[in-house]
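Q: For the sequence shown, our numbering assigns the number 44 to the initial residue and increments by one for each residue that follows. This is the structure I want to talk about, given as structure tokens.
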Amino acid sequence: MPSTDTDADTDAATDADEDSRRHGRVAATLLRACYALVYSNVFISLATTGVAVTTMLLTDRPLEAFPLAVVFAATMFVYTVNRFTDLAEDERNVPGRASFTRRYGLGWLAAGVGIYVLVVAVAVALGQPGAIYLLAPLVAAVLYSVVGIKRVLLVKNLFVGAAWACIPLGVGYYYEILLTPEILVLVGYIGSMITVAAVVFDIKDVEGDRREGISTVPILLGPRRTRIGAQVANVLVAGGVFAVVAAGVVPTTFLVLFAMNGYVAAYIPFAHPDHGPLFYGFVVDGEHVFLAAVVVALEWLVW
């Protein structure tokens, strides 16, 4: 049969269009999955679980399912409750998240509460020491979401930093290494870095927080000076890590923490009010997922 260049060009164009549509569908599916991970609080729960993983490996403790489940469940509970108490604010600041909460929130709330209650029940049934401390997330949820401490300048940021710093403390308590230098250094590091991240996170909500009368560092200083201050704080924390390693307080494996300082240094310049939920909810909140992945890789391949 005779063939023409025109027919070949048409077929090639059709194939290219089909490939483009297929790639577009794949990209759209991945994008929806990322939004779902962020809006459902699964990703932030993985991030806090990553803190526990990092703590266990840097203190030469085996990974155990129970403490990891506790951290994941507590995070799901606290952050899901907060999605409902902040729903009106999200309508202005993050309408996509508000829409997700209205549509799927009750199901995720039930899951968050159910997982949390299950973990507490298992801890009590197994006679885990310190099971009473599993009520701390409930107190945190009330203080943050109901009492409204987030309206006070810097208090929210410091509260979030302190809450995350409790993760290495909890790991230390579970493995009976609570007051060791490694745990105490990680408490200071995690608390400091999460406080920095929380300040950066507030950049996205400048307009909404101003309307709500919520005082934040970006409102007081402006986004640009907030980014500069956050970067300075990041460098100071990295310097602290170097100091404690150089002094022999903790082993040289703790230099892996520089990986997260580099990660944070890379995203801070891009923190602007017009960047969407995936930047803040996936990139910024992903810092501890990144660090845990680096630590796990080094544990398997190098250490």
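We treat Cβ as the ideally placed atom computed from N, Cα and C, and that holds for glycine.
Do you know how far the Cα of Trp343 is from the Cα of Arg194?
A: As a first step, residue 194 is located in the sequence shown; it is residue number 151 there, counting from the start. As a first step, residue 343 is located in the sequence shown; it is residue number 300 there, counting from the start. Computed Cα separation, rounded: 44 Å.
Q: Thinking C-beta only, is Gly93 closer than 8 Å to Val332?
A: For the purposes of this step, residue 332 is taken as the residue at position 289 of the sequence shown. For the purposes of this step, residue 93 is taken as the residue at position 50 of the sequence shown. For Val332 and Gly93, yes; Cβs fall inside 8 Å.
Q: Alpha carbon to alpha carbon, how far is Val142 from Glu134?
A: One-based indexing of the sequence shown puts residue 142 at position 99. One-based indexing of the sequence shown puts residue 134 at position 91. Note that residue 142 corresponds to Ser in the displayed sequence, not to Val. Going from the Cα of Ser142 to the Cα of Glu134 covers about 8 Å.
Q: Quick one: what's got a C-beta closer than 8 Å to Tyr78's C-beta in the same chain, skipping five residues either side?
A: Taking the sequence shown and counting its residues from 1, one reaches residue 78 at position 35. Cβ within range, chain order: Gly139, Phe143, Pro320, Leu321.
Q: Could you have a look at Ser258 and say whether DSSP puts it in helix, strand or coil?
A: Counted from its first residue, the sequence shown places residue 258 at position 215. Three-state result, Ser258: coil.
Q: Please say whether Pro316 and Ile246 have beta carbons closer to each other than 8 Å?
A: Locating residue 246 in the sequence shown gives position 203, where the first residue counts as 1. Locating residue 316 in the sequence shown gives position 273, where the first residue counts as 1. Yes, these two residues count as a Cβ contact at 8 Å.
Q: Comparing alpha-carbon positions, which option in Val160, Ala286, Tyr187, Pro312 lies nearest Ile175?
A: The sequence position of residue 175 within the sequence shown is 132, counting from 1. The candidate whose alpha carbon is nearest that of Ile175 is Val160.
Q: In the DSSP assignment, find the unbroken alpha helix (DSSP H) run with Gly282 in it and report its ends.
A: As a first step, residue 282 must be located in the sequence shown, where it is residue number 239. Looking at the DSSP string, the run of the alpha helix (DSSP H) that includes Gly282 is 266-289.
Q: By Cβ distance below 7 Å, which residues in the same chain neighbour Leu130 in space, the five residues on each side in sequence not counted?
A: Counting from 1 along the sequence shown, the entry for residue 130 is found at position 87. Result list for Leu130: Ala141, Thr144, in chain order.
Q: Drop a sphere of 10 angstroms on the beta-carbon of Ala309, count the other beta-carbons inside from all chains shown, and report buried for 16 or more, exposed for fewer.
A: For the purposes of this step, residue 309 is taken as the residue at position 266 of the sequence shown. The residue is exposed, with fewer than 16 neighbouring Cβ atoms inside 10 Å.
Q: On a Cα-Cα basis, can you pick out the residue from Arg104, Gly148, Gln274 that is closest to Tyr122?
A: Within the sequence shown, numbered from 1, the residue matching residue 122 stands at position 79. When only C-alpha atoms are compared, the closest one is Gly148.
Q: Pick out the complete beta strand (DSSP E) segments inside the segment 77-133, 3 residues or longer, and give them in chain order.
A: Runs of the beta strand (DSSP E) inside the segment 77-133: none found.
Q: Can you check whether the CB of Val96 is closer than 8 Å to the CB of Val339?
A: Residue numbering aside, residue 339 sits at position 296 when the sequence shown is read from its first letter. Residue numbering aside, residue 96 sits at position 53 when the sequence shown is read from its first letter. A contact, by the Cβ cut-off of 8 Å.
Q: Is Ala141 helix, strand or coil when you go by DSSP?
A: By one-based count along the sequence shown, residue 141 stands at place 98. In this structure, Ala141 counts as helix in the three-state DSSP scheme.
Q: If you follow the alpha helix (DSSP H) that Thr223 is in, where does it begin and where does it stop?
A: Counting from 1 along the sequence shown, the entry for residue 223 is found at position 180. Premise fails: Thr223 is in no alpha helix (DSSP H) and is neither H nor E.
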